[in-house]
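*Asks:*
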Amino acid sequence: MKIYNTLTRKLEEFVPITPGRITMYVCGPTVYNLIHIGNARPMIVFDTFRRYMTYRGYEVNYVSNFTDVDDKIIKAANEEGVDASEISERYISECKKDMEGLNVLPATTHPQATKEIPAMIDMIRTLENKGYAYKASDGTVYYRTRKFTGYGRLSGKNIDELESGHRSEGHTLKVAGTEDREDDFDFVLWKPKKEGEPYWESPWCDGRPGWHIECSCMSKRYLGDTIDIHAGGEDLIFPHHENEIAQSEAANGVPFAHYWMHNGFLNINNQKMSKSLGNFFTVRDIAARYDLQVLRFFMLSAQYRSPLNFSDELMESAKAGLDRIRNAVSNLKDIMVNGSDGDMTEAERGALSEALRHRERFNEVMDNDLNTADGISVIFDLVKHANTTTAEGATKAYAGELEGIITGLGEVMGLILETEEEVLDTDIEALIEERQQARKNRDFARADEIRDELLARGIQLKDTREGVKWSRI
Ligand code: AMP
Ligand code: ZN
Numbered sequence: 071m072k073i074y075n076t077l078t079r080k081l082e083e084f085v086p087i088t089p090g091r092i093t094m095y096v097c098g099p100t101v102y103n104l105i106h107i108g109n110a111r112p113m114i115v116f117d118t119f120r121r122y123m124t125y126r127g128y129e130v131n132y133v134s135n136f137t138d139v140d141d142k143i144i145k146a147a148n149e150e151g152v153d154a155s156e157i158s159e160r161y162i163s164e165c166k167k168d169m170e171g172l173n174v175l176p177a178t179t180h181p182q183a184t185k186e187i188p189a190m191i192d193m194i195r196t197l198e199n200k201g202y203a204y205k206a207s208d209g210t211v212y213y214r215t216r217k218f219t220g221y222g223r224l225s226g227k228n229i230d231e232l233e234s235g236h237r238s239e240g241h242t243l244k245v246a247g248t249e250d251r252e253d254d255f256d257f258v259l260w261k262p263k264k265e266g267e268p269y270w271e272s273p274w275c276d277g278r279p280g281w282h283i284e285c286s287c288m289s290k291r292y293l294g295d296t297i298d299i300h301a302g303g304e305d306l307i308f309p310h311h312e313n314e315i316a317q318s319e320a321a322n323g324v325p326f327a328h329y330w331m332h333n334g335f336l337n338i339n340n341q342k343m344s345k346s347l348g349n350f351f352t353v354r355d356i357a358a359r360y361d362l363q364v365l366r367f368f369m370l371s372a373q374y375r376s377p378l379n380f381s382d383e384l385m386e387s388a389k390a391g392l393d394r395i396r397n398a399v400s401n402l403k404d405i406m407v408n409g410s411d412g413d414m415t416e417a418e419r420g421a422l423s424e425a426l427r428h429r430e431r432f433n434e435v436m437d438n439d440l441n442t443a444d445g446i447s448v449i450f451d452l453v454k455h456a457n458t459t460t461a462e463g464a465t466k467a468y469a470g471e472l473e474g475i476i477t478g479l480g481e482v483m484g485l486i487l488e489t490e491e492e493v494l495d496t497d498i499e500a501l502i503e504e505r506q507q508a509r510k511n512r513d514f515a516r517a518d519e520i521r522d523e524l525l526a527r528g529i530q531l532k533d534t535r536e537g538v539k540w541s542r543i
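The opening position of the sequence shown corresponds to residue 71 in my numbering, with each subsequent residue numbered one higher.
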């Protein structure tokens with residue numbers, strides 16, 4: 071597997087620290103709002119990376135955080151007149167619903183910043199003891215950026231150049247309230263509380279952690295001092311990831327992450343997505359118009375590092391593409407029931423070898439820095455192959471093999487290839503089964519509740535002597 075490593079700016083062969091295992095940390099969202107489709111891109115692409123590596127036999131320990139203390143969360147809480155934790159818990163739970171709709175697997179661990187404060191205080195203390203952190207008179211603790219010699223390696227930035235750029239743009243070097251910060255590029259590790267803000271006690275002052283220290287600590291706590299892969303959107307390269315490296319390597323004395331993966335940005339109609347331009351969609355907005363699998367398919371139709379443009383037209387073509395694959399799978403399932411019995415024919419055995427070669431090619435293109443765009447083309451080739459080789463009828467056995475190959479690759483991509491109707495039917499049958507159980511347990515309230523829920527979804531139940539029958543109203 072070759073991965074483009076932002077740290078070395080090269081495609082590199084992936085070699086894990088421990089054979090067969092991968093430790094991976096992906097920066098997650100700040101939870102003050104419903105997630106937007108830009109946030110969904112890293113979730114989908116790195117979930118696909120995880121699924122692909124699992125399919126290639128690795129055990130992946132995948133950690134992705136929720137940033138649940140932040141200015142934006144506090145602002146939203148003040149606007150609603152509720153606790154900050156009410157806002158963050160609400161949007162964590164909404165985010166998990168969106169992830170489920172996108173078929174993004176839950177992380178091995180989803181740490182939350184507010185639950186990791188003691189570890190952050192520990193790390194800041196270590197940095198202070200080693201001379202990498204200092205306290206200003208108002209209680210703010212800063213990281214002494216110039217002391218870390220590797221600073222700028224990930225982003226390719228140099229502090230002196232940054233500083234002169236900063237000056238020529240007319241920035242005043244000393245911002246109000248930062249009088250005793252030693253250097254303009256020193257960043258906050260701990261900040262004092264303000265009226266009405268959540269805070270924790272610390273050796274420096276009552277306050278809260280800076281954003282960068284959160285990820286350094288959560289990565290260390292759940293994955294260790296040195297990890298295989300750290301990932302996120304490309305906007306995080308500087309300063310977030312640069313600062314994480316400075317903190318972790320100064321505190322732990324070992325390299326932080328061997329590979330740095332960054333996804334490109336999602337734009338809307340070729341413009342940067344932003345609230346002020348009004349071209350801003352939440353995943354929930356899209357869910358009202360499309361099956362979220364279409365959004366996932368759309369995201370995977372580009373390699374993760376390229377910029378991706380979102381438009382109605384491209385979503386329509388993603389929908390058509392996904393339907394084409396689903397139709398082929400549905401045809402194969404039909405043949406698996408109605409096709410001819412017995413062994414595969416000679417011609418089918420040949421056609422199956424060809425299908426297996428397509429699957430080999432899928433592995434090759436995905437091994438090339440997770441080229442999901444090419445991966446999807448291979449799935450289309452398989453669909454075409456399936457359609458042509460079964461057009462004149464086929465054996466159940468051959469159809470079964472092809473169906474297994476295509477849905478298997480769909481699963482690697484996290485794409486549900488059953489049609490919406492089929493998914494719905496499985497869902498309904500599960501509810502009917504639960505209702506039968508409830509009745510057996512004489513839990514009639516739950517049984518009635520399920521009947522009403524199904525009715526609300528347009529499903530009518532009829533108890534007959536042969537069991538429960540259902541129909542769409
Ligand atoms: P945030 O909540 O802003 O910290 O973002 C959470 C994740 O979403 C980070 O990995 C960001 O880099 C990523 N992200 C935010 N906006 C976009 C976008 N428009 N396209 C791709 N990734 C994005
Ligand atoms: Zn982070």
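Backbone N, C-alpha and C define an ideal beta-carbon position, used for all residues, glycine too.
Since Ala327 is in the beta strand (DSSP E), which residue starts that stretch and which ends it?
*Replies:* Unbroken beta strand (DSSP E) run through Ala327: 327-333.
*Asks:* List the endpoints of the continuous beta strand (DSSP E) containing Gln530.
*Replies:* Here the beta strand (DSSP E) through Gln530 covers 529-534.
*Asks:* With the cut-off set at 7 Å, would you say Thr100 and Tyr132 are in Cβ contact?
*Replies:* No, the pair does not count as a contact, with Cβ atoms beyond the cut-off.
*Asks:* Give every residue of the same chain whose Cβ lies closer than 8 Å to the Cβ of Val538, excluding the five residues on either side of it in the sequence, and list them in chain order.
*Replies:* The residues are Ile502, Arg505, Gln506, Leu531, Lys532.
*Asks:* Does DSSP classify Arg181 as helix, strand or coil?
*Replies:* The identity of residue 181 in the sequence shown is Pro, whereas the question assumes Arg. Correct three-state label for Pro181: coil.
*Asks:* Residue range of the alpha helix (DSSP H) that Leu224 falls in?
*Replies:* Note, Leu224: premise wrong, no alpha helix (DSSP H); not H, not E.
*Asks:* Between which two residues does the alpha helix (DSSP H) containing Ala301 stretch?
*Replies:* No alpha helix (DSSP H) holds Ala301; the beta strand (DSSP E) holding it covers 297-303.
*Asks:* Is it right to say Gln317 is buried, meaning 16 or more other beta carbons lie within 10 angstroms of its own, or is it exposed?
*Replies:* Buried is the call here.
*Asks:* Who pairs with Ile73 in a beta bridge, going by DSSP?
*Replies:* Glu82.
*Asks:* So is the beta-carbon of Cys97 under 6 Å away from any non-hydrogen atom of the ligand AMP?
*Replies:* Yes - the ligand AMP has a heavy atom lying nearer than 6 Å to the Cβ of Cys97.
*Asks:* Let me check you understand the geometry: is the CB of Gly348 closer than 6 Å to at least one non-hydrogen atom of the ligand AMP?
*Replies:* Every heavy atom of the ligand AMP is 6 Å or more from the Cβ of Gly348, so no.
*Asks:* Where does the unbroken alpha helix (DSSP H) through Phe380 begin, and where does it stop?
*Replies:* Looking at the DSSP string, Phe380 is not in any alpha helix (DSSP H); the run it does join, the beta strand (DSSP E), is 378-380.
*Asks:* Where do the ends of the alpha helix (DSSP H) carrying Asn109 lie?
*Replies:* Segment 107-125, the alpha helix (DSSP H) holding Asn109.
*Asks:* Would you kindly check if the distance between the Cβ of Asp254 and the Cβ of Leu175 is under 7 Å?
*Replies:* Cβ atoms of Leu175 and Asp254: not closer than 7 Å.
*Asks:* Any idea what DSSP makes of Thr93, helix, strand or coil?
*Replies:* It is a strand residue.
*Asks:* How many Å lie between Arg527 and Glu473 at the Cα?
*Replies:* The alpha-carbon atoms of Arg527 and Glu473 are separated by roughly 30 Å.
*Asks:* Glu519: buried (16+ other C-beta within 10 angstroms of its C-beta) or exposed?
*Replies:* Answer is exposed; the Cβ neighbour count stays below 16.
*Asks:* Mapping the DSSP letters down to three states, classify Tyr213 as helix, strand or coil.
*Replies:* The answer is strand: DSSP assigns Tyr213 an E or B state.
*Asks:* Straight-line CA distance for Ile475 to Ala456?
*Replies:* Each residue's Cα considered, the two are about 10 Å apart.
*Asks:* Would you say Leu259 and Ile191 are within 7 Å of each other, going by their C-beta atoms?
*Replies:* In this structure, Ile191 does not lie closer than 7 Å to Leu259 by Cβ.
*Asks:* Using the C-alpha atoms, what's the distance from Met169 back to Asn363?
*Replies:* The sequence shown places Gln at residue 363, not Asn. One C-alpha to the other measures close to 11 Å.
*Asks:* How big is the Cα-Cα spacing for Ala206 and Ala321?
*Replies:* When rounded, the distance between both Cα atoms is 20 Å.
*Asks:* Does the beta-carbon distance from Ala390 to Phe367 come in below 7 Å?
*Replies:* Cβ distance not < 7 Å, so Ala390 and Phe367 don't count as in contact.
*Asks:* Looking only at C-alpha atoms, which of Ile144, Tyr204, Leu336 sits nearest to Tyr269?
*Replies:* Checking every option, the nearest Cα to that of Tyr269 belongs to Ile144.
*Asks:* Mind checking which residues open and close the alpha helix (DSSP H) that includes Arg195?
*Replies:* Arg195 -> alpha helix (DSSP H) spans 187-199.
*Asks:* Just reading off the beta strand (DSSP E) that Trp540 is part of, what are its end residues?
*Replies:* Per DSSP, Trp540 belongs to the beta strand (DSSP E) from 537-542.
*Asks:* Select from Asn228, Ile157, Arg516 the residue whose C-alpha is nearest the C-alpha of Thr219.
*Replies:* If we check each option's Cα against that of Thr219, Asn228 comes out closest.
*Asks:* Using the three-state DSSP reduction, which class does Gln39 fall into: helix, strand or coil?
*Replies:* One cannot answer for residue 39 here, as it falls past the ends of the chain, which runs 71 to 543.
*Asks:* Grouping DSSP H, G and I as helix and E and B as strand, with all else coil, what is Lys345?
*Replies:* Looking at Lys345 - three-state DSSP - the assignment turns out to be coil, as it is neither helix nor strand.
*Asks:* What are the boundary residues of the beta strand (DSSP E) that includes Phe257?
*Replies:* Per DSSP, Phe257 belongs to the beta strand (DSSP E) from 257-262.
*Asks:* Between the C-alpha atoms of Leu243 and Arg216, what's the straight-line distance to the nearest angstrom?
*Replies:* Interpretation of Leu243 is limited by its pLDDT of 48, a score under 50 that renders its predicted location unreliable; the figure taken from the coordinates is listed afterwards. When rounded, the distance between both Cα atoms is 16 Å.
*Asks:* Just to confirm my understanding: we take Ile187, look at its own chain, exclude 5 residues before and 5 after, and list those with CB closer than 6 Å. What are they?
*Replies:* Cβ within range, chain order: Trp270.
*Asks:* Are the Cβ atoms of Met343 and Arg111 separated by less than 7 Å?
*Replies:* Cβ distance not < 7 Å, so Met343 and Arg111 don't count as in contact.
*Asks:* Which one or two residues does DSSP pair with Phe136 in a beta bridge?
*Replies:* According to DSSP, which records beta bridges pairwise, Phe136 is partnered with Gln182.
*Asks:* Could you pull out every residue in the same chain whose Cβ sits closer than 7 Å to the Cβ of Leu524, ignoring the five residues on either side in sequence?
*Replies:* So the list reads Ile498, Leu501, Leu531, once near-sequence residues are dropped.
*Asks:* Tell me whether Leu77 is buried or exposed, calling it buried when 16 or more other Cβ atoms sit within 10 Å of its Cβ.
*Replies:* Under this definition Leu77 is a buried residue.
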